[in-house]
Amino acid sequence: MLILFCSLFALYLWFREARSKDYFRNKHVFITGASSGIGKSLAIHLATTKGARVSLAARSLNKLEDICKSIQKKGGSAHVIHLDLCDSSSFTKALEKSFQGFGNIDILIANAAVNNDGKCFASLSLEQIDKVIETNLRGTILFIHLVLMNMMKDNRGHIVGISSLAGYRGLPMGSIYGATKAALSNLFESLRIELYCSNVYITTIHPGFIDTPAIQGMKHPKLFLLSAETAAKKIANAIAQKKYTYSFPWVMEHIVMRFVRYLPENVFVPLLYLVTRKNI
């Protein structure tokens, strides 16, 4: 009986892997925040090894051009889109240009984000707070809404939100960033229910610490740090399998963050203060 169960489980894993292997081939993947970090690594991975046609979107056109040339030299398909999530007037033009290049968007990866630079809430200026909220939340939500309207007309598509394990619970030096990521996860959970009977899929990704320029200013320990290239491969696999949610690294999500998430307040608050007080 055990042998039969193991055989069936292995067959299921093989079938799932085979089905997801070509998920990205010839699909138009639009990636926000593609000029660095996870977005850059995802763009290169999907365009050069998965056969996707990638729209590279961000504010830094020079960086995008370099990434695009690198992808094209390796035989991949990509083009550059100027997109500023703090300027909603740029959204329609960005979508029109992406359509002219590769047609309707099949997969949107809402990846663009900025953080608190490892600063406490009281140390942030109003401008810094506004930038994080505008980029991570308001701009991202408005852009997702525009793309979703087109996907619903075609009754097909896949929207992926790059959230964070930081959205699981309030953490010191991550107040605004964590709040925006928690809100994004909540939004995607709502969309997943609303679109359950459609052919538009919703995936939420919760990475832990990824070695990108975005975390260079953080002073506290970066537990179980992964490279952006490793993160890109894990995220691509989760998208191809159409997972509802995917959190990684496993130890960080299932042990560290789940432990922290369910600690009672009278334990959680003093414990986190003692651990991080040197950097507060």
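Under mature numbering (1 follows the signal peptide of the UniProt record, and there is no 0), the residues of the sequence shown are numbered -20 to -1, 1 to 260, in order.
The C-beta atom is built at its ideal place from N, Cα and C for all residues, glycine as well.
(1) Any heavy atom of the ligand PLP closer than 7 Å to the CB of L128?
(2) Is residue 322 helix, strand or coil when you go by DSSP?
(3) When the distance is taken between beta carbons, is A211 closer than 8 Å to P193?
(4) Between the alpha carbons of T72 and F228, how many angstroms are there, rounded?
(5) Please identify the residue among E114, M129, L205, E209 whose C-alpha is closest to the C-alpha of A163.
(6) Would the stretch 45 to 56 count as touching the stretch 98 to 107 if we require 3 or more Cβ pairs under 8 Å?
(7) If we call anything under 8 Å between Cβ atoms a contact, is G141 one with G158?
(8) What are the start and end residues of the beta strand (DSSP E) that includes G119?
(9) Measure how close the beta-carbons of I124 and L88 come, nearest whole angstrom, since I'm counting them as under 8 Å.
(10) To the nearest angstrom, how far is the alpha carbon of L41 from that of N246?
(11) Considering only C-alpha positions, which residue in the set A32, S16, H8 is nearest to F79?
(12) Within its chain, find whatever has a CB closer than 8 Å to the CB of D86; leave out the 5 residues flanking it on each side and keep chain order.
(13) I need the straight-line Cα distance from N166 to L251, nearest angstrom please.
(14) In the DSSP assignment, what residue or residues form a beta bridge with G137?
(15) Helix, strand or coil: how does DSSP classify A14 here?
(16) Please report the distance separating the alpha-carbon of N84 from that of K213.
(17) Report the option in R39, I11, S178, A38 whose CA atom is closest to the CA atom of L26.
(18) Does DSSP put A159 in a helix, a strand or coil?
(19) Go ahead and pull the three-state DSSP assignment for F189.
(20) Using only the alpha-carbon positions, how far apart do R5 and D67 sit?
(21) Output needed for I215: all residues of its chain with C-beta closer than 6 Å, excluding positions within five of it in sequence on either side, in chain order.
(22) I need the straight-line Cα distance from L65 to T225, nearest angstrom please.
Quick answer:
(1) The ligand PLP is absent from the structure shown, which contains no ligand whatsoever.
(2) With the chain running from -20 to 260 in the structure shown, residue 322 is simply not present.
(3) In this structure, A211 does not lie closer than 8 Å to P193 by Cβ.
(4) If you take the alpha carbons of T72 and F228, they lie about 33 Å apart.
(5) Closest option to A163, Cα to Cα, is E114.
(6) Cβ pair count under 8 Å is below three, so no.
(7) G158 is positioned such that its CB atom lies no closer than 8 Å to that of G141.
(8) Element bounds for G119: n/a, residue is neither H nor E.
(9) Contact between I124 and L88 is confirmed by a C-beta separation of about 7 Å, below the 8 Å threshold.
(10) The alpha-carbon atoms of L41 and N246 are separated by roughly 48 Å.
(11) Minimum Cα distance to F79 is reached at H8.
(12) The residues K7, H8, V9, R136, G137, H138, in chain order, have a CB closer than 8 Å to that of D86 in the same chain once the five nearest residues on each side in sequence are set aside.
(13) Taking the straight line joining both Cα atoms gives about 26 Å.
(14) According to DSSP, G137 bridges with V180.
(15) Coil, per DSSP.
(16) Roughly 24 Å separates the two Cα atoms.
(17) Measuring from the Cα of L26, the nearest candidate turns out to be I11.
(18) Helix, per DSSP.
(19) In this structure, DSSP gives F189 a state outside helix and strand, which the three-state scheme calls coil.
(20) Going by the C-alpha atoms only, they are around 32 Å apart.
(21) Excluding its 5 nearest sequence neighbours in each direction, I215 has C-beta neighbours in its own chain below 6 Å: I185, listed in chain order.
(22) Taking the straight line joining both Cα atoms gives about 24 Å.
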